[in-house]
Amino acid sequence: MRKKRIVLPAIAMKSDRKFGRTAVTAVVALLSLTSGCCKRPALPDGPQLEKIFQTEGAAAAKPQPPKSVPVRELDVYIDGSYSMAGYVSESAGQSQYRRVLHHILDASTTAQYKLSAYKFANDITPVNHMEVSQILSPGFYNGTDTPLNLLLDRIGRQDYAGHLSIILSDMVQSEVAKDQLEMVDSLSRLVTHRPEVRLLAFRSSFTGPYYIESIAHSRKQKQQSYPLNLGQSIPGIGRPFYLLVVAPDRQSMDRLQRYVLDHASAAESFSPTDAPVGVRAIEFAPADGAPSIWSQHAQSVLSESGASAQHMASFVEVHAPAGKDSPLRLKLGVNLRVPMEAIDKINLQVRKAVLDSNGASKPVSFQLPVTLEGKPVGETGQLIFTYQVERPGACNWELYHVQMRAGDGNLACPRWVQDWSTDDDQYPSAGTRTFKLKLLVEAMVRGITEKNVFCEQYLAVRRGD
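Take the sequence shown: its letters are residues 3 to 467, numbered as in the working numbering.
This is the structure:
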């Protein structure tokens, strides 16, 4: 078990999540206590507690609530370059690519989306007038370039801000004088103002030429290629292709997921806008064999909104601590959705307020000493946070608002991405992998996932006298 004592700086933050009122009512009833000659105020419910920690800057930065009706404008962009023809060749048969493309177009129509289909290669052209059979014929895939960077820039423009977008491609940037870094740059710009992104991965039979991207070429040179003949009946053998989905808000993404994406049956997926750590439970966990200074006064309230967990708990001092600070030990049961390198890089941002009979003080950023223990490797595990809590005043509540993030540079790409990616596509053995896929997903992790709050705690402590 690794232990590291760190003091983490706090930055004023604001959450827009609410606690369930039923659970909070029970907590408030238990916390409405008086002690001695002073009247200690009851702990406010979730919305009131949130308001205590609200600042003008945080309120201004609070995202606008999603529209009451999810957006229905759906743009489907189909990669029409030469490199895609092998998915629909006669030898490829009834490929997964054929099935998924057919499903996307059919399900989008029956779900009553306003569907606009486009072919992108040398340029972007509408193909709504085409029959699906034409789009699924090898002749459709005759473009010399795959300018994914330009397509991502287009989706990020303001006039497409209210649209859902699905890109169907092998996600290999193919353009003279451009490489995969151009696409990564465009994606990084896109994710700064388009909040919901999702990547779905598939494998398909493929019979045709693969065009090598790791060897530079010019317009006057013929791009080097080699033949691929891959089936899809054995897991891990088919040629990869992807759906990159962009939505203006979570509500619109969720509706598209239910009506269209779920039934596409992706082999793998990655949602960078979800929290990298899933919190299953939070328990009060005094160290074995040592008397605890605190007792949990009210049962923790743990809820989940979207991908992040919210936790509210209160603790009462059992006896006066010998020193100023007292250890408060909490155990989090977690699922690691994205590999994490080290627990000592986890970032805690803390604010503190004092609640007494006169009301709540103005919250301030606070340095809360904490000892972290745990094993961040694997898919499941435990993280133990031991907070060194200041001793409360005689007639008040000490309130802490803690937000947990993975920390800068502390996350790696999902393991399936590492397995599906290659940095060298010069040989047929790379045909079952995607050139520089890891680079693309890493841009999502750095641009979105690292910044996501995976757990938000409201802790209240008081003396027991």
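In this text, a Cβ means the ideal position worked out from N, Cα and C, and glycines have one as well. Keep in mind that this is a model prediction, so the values were computed, not measured.
#### Entry: Y97 classed as buried or exposed, judged by whether at least 16 other C-beta atoms fall within 10 angstroms
Reading off the sequence, residue 97 comes out as Ser, not Tyr. It counts as buried.
### Selection from S110, R282 and P46 that minimises the alpha carbon distance to D77
Ranking the options by Cα distance to D77, first place goes to S110.
### Task
Pull up the distance between the alpha-carbon of R417 and that of D425, whole angstroms please.
If you draw a straight line from the Cα of R417 to the Cα of D425, it is about 16 Å long.
#### Entry: Segment limits, alpha helix (DSSP H) that includes L441
For L441, the enclosing alpha helix (DSSP H) starts and ends at L439 to G449.
### Query
Would E458 pass as a contact of Q301 if the rule is Cβ separation under 9 Å?
Taking 9 Å as the cut-off, the beta carbon of E458 is found no closer than this to the beta carbon of Q301.
### Among F55, C40 and P46, the one whose alpha carbon lies nearest that of P365
The closest CA to that of P365, considering only F55, C40 and P46, is found on F55.
### Query
Less than 9 Å separating the beta-carbons of I106 and V248?
The answer is no: Cβ separation not under 9 Å.
### Message
So, for S118: in the same chain, excluding its five sequence neighbours on each side, which residues have a beta-carbon less than 8 Å away from its beta-carbon?
### Response
So the qualifying residues of the chain are E75, L76, D77, V78, P128 and N130.
### Query
Hey, how far is the Cα of K377 from the Cα of T434?
C-alpha separation (whole angstroms): 33 Å.
### Message
Measuring straight from C-alpha to C-alpha, what distance separates V262 and E375?
### Response
Each residue's alpha carbon lies about 42 Å from the other.
### Query
Does the separation of the CB atoms of Q351 and Q298 fall below 9 Å?
Their beta carbons are not under 9 Å apart, which means Q351 does not touch Q298 by this criterion.
### Query
When you compare only the Cα positions, how much space is there between G335 and L154?
Rounded to the nearest angstrom, the gap between the Cα atoms of G335 and L154 is 38 Å.
### Task
For A283, collect the residues of the same chain with a Cβ closer than 6 Å to its Cβ; drop the 5 residues on either side in sequence, then sort them by chain order.
The answer, listed in chain order, is G335.
### C-alpha gap between V463 and V320, whole angstroms
Annotation: V463 to V320 spans about 11 Å, alpha carbon to alpha carbon.
### Message
Less than 9 Å between the C-beta atoms of F368 and L461, yes or no?
### Response
For F368 and L461, no; Cβs fall outside 9 Å.
### Message
Tell me which residue opens and which closes the beta strand (DSSP E) that I168 is part of.
### Response
Judged by DSSP secondary structure, I168 falls within the beta strand (DSSP E) whose first and last residues are L166 to S171.
### T275 in three-state terms, based on DSSP
Three-state result, T275: coil.
### Query
Any idea if E92 is buried or exposed, counting beta-carbon neighbours within 10 angstroms, 16 or more meaning buried?
Residue environment for E92: exposed (fewer than 16 other C-beta atoms within 10 angstroms of its C-beta).
### Message
Just verifying my parser: in three-state terms, what is the DSSP assignment at A269?
### Response
Secondary structure of A269 (DSSP, three-state): coil.
### Task
Round the Cβ separation of W399 and L442 to the nearest angstrom and send it over; I've been treating them as touching at under 8 Å.
W399 to L442, Cβ: 47 Å. No contact.
### Task
With a floor of 4 residues, list each alpha helix (DSSP H) that falls wholly inside the segment 38-126, ordered by position along the chain.
The qualifying runs are 48-54, 58-63 and 98-112.
### Task
Kindly give me the distance between the Cβ atoms of G240 and G88, rounded to whole angstroms, as I take these residues to be in contact under 8 Å.
Going by Cβ atoms, the distance from G240 to G88 rounds to 11 Å, so no, they are not a contact pair.
### Message
Is the beta carbon of L150 closer than 9 Å to that of I126?
### Response
The Cβ-Cβ distance between I126 and L150 does not fall below 9 Å.
### Query
To the nearest whole angstrom, what separates the beta carbons of Y389 and L370, a pair I think is in contact under 8 Å?
That pair is a contact at about 6 Å.
#### Entry: Three-state class that DSSP yields for Y389 in the structure shown
DSSP places Y389 in strand when its eight states are reduced to three.
### Query
Measuring CA to CA, which of F272, R331 and Y244 is closest to E285?
Of F272, R331 and Y244, the smallest CA-CA separation from E285 is found for R331.
### For D358, the three-state DSSP class (helix, strand or coil)
Annotated three-state conformation of D358 is strand, per DSSP.
### Query
What are the boundary residues of the alpha helix (DSSP H) that includes R252?
Start and end: R252 to L258.
### Query
Beta-carbon separation of D81 and D172 under 9 Å?
Yes, the Cβ-Cβ distance between D81 and D172 is below 9 Å.
### Query
Excluding sequence positions up to five away, which residues of its chain have a Cβ less than 7 Å from the Cβ of M86?
Y143 and D172, listed in sequence order.
### Task
Report yes if the CB atom of V134 is closer than 9 Å to the CB atom of L103, and no otherwise.
Cβ distance < 9 Å, so V134 and L103 count as in contact.
### Query
Can you name, in chain order, every residue of its own chain whose Cβ lies under 7 Å from the Cβ of I236, other than the five neighbours on each side?
Once the five neighbours on either side are set aside, I236 has no close Cβ partner at all.
### Task
Please say whether N454 and A1 have beta carbons closer to each other than 9 Å?
Residue coverage of the chain in this structure runs from 3 to 467, which leaves residue 1 outside it and unanswerable.
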